[in-house]
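In my numbering, the protein residues as written are -2 to 127. Glycine residues also receive a C-beta, built at the ideal position from the N, C-alpha and C atoms. Structure first, then comments.
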């Protein structure tokens, strides 16, 4: 089995691992890891499934303690896409030997331009979309 993997699978896996676009995606996603770890840490603290934990924390820090721990979670998780977009384009720019900072900045601006920031809201009494 090992010989089969070494003979047939490893060469293909090596070619895939050497592909610059996949390397750029890997490196860009790795760039988001610190934010993922920090946000996950605060998320775990705010939602431990231990009986009595919520009551203990509410008695210690007040009723809004979970909302306060939600701020770092939202901040880190919401910015991860921006960091990944910048990191992937930056790394791909390095591989193509062009200005990596300009590549990252341009991709970030393009991402923001392509992201819809308009939210449709229906007023309950009128059934109209604003």
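Residue 97 carries a helical assignment under DSSP once its states are collapsed to helix, strand and coil. Beyond the five residues adjoining it in sequence on each side, residue 69 comes within less than 7 Å, by CB distance, of 35, 36 and 39 in the same chain, given in chain order. By the Cβ rule, the stretch 65 to 82 counts as touching the stretch 97 to 110, because three or more pairs are nearer than 8 Å.
Remark: C-beta atoms of residue 89 and residue 100 approach each other more closely than 8 Å.
Residue 56 and residue 43 have their C-alpha atoms spaced approximately 14 Å apart. Residue 51 and residue 71 have their alpha carbons spaced roughly 20 Å apart.
Counting every other CB atom within 10 Å of its CB across the protein chains shown gives residue 11 a total below 16, marking it as exposed. A straight line joining the alpha-carbon of residue 22 with that of residue 122 spans about 46 Å.
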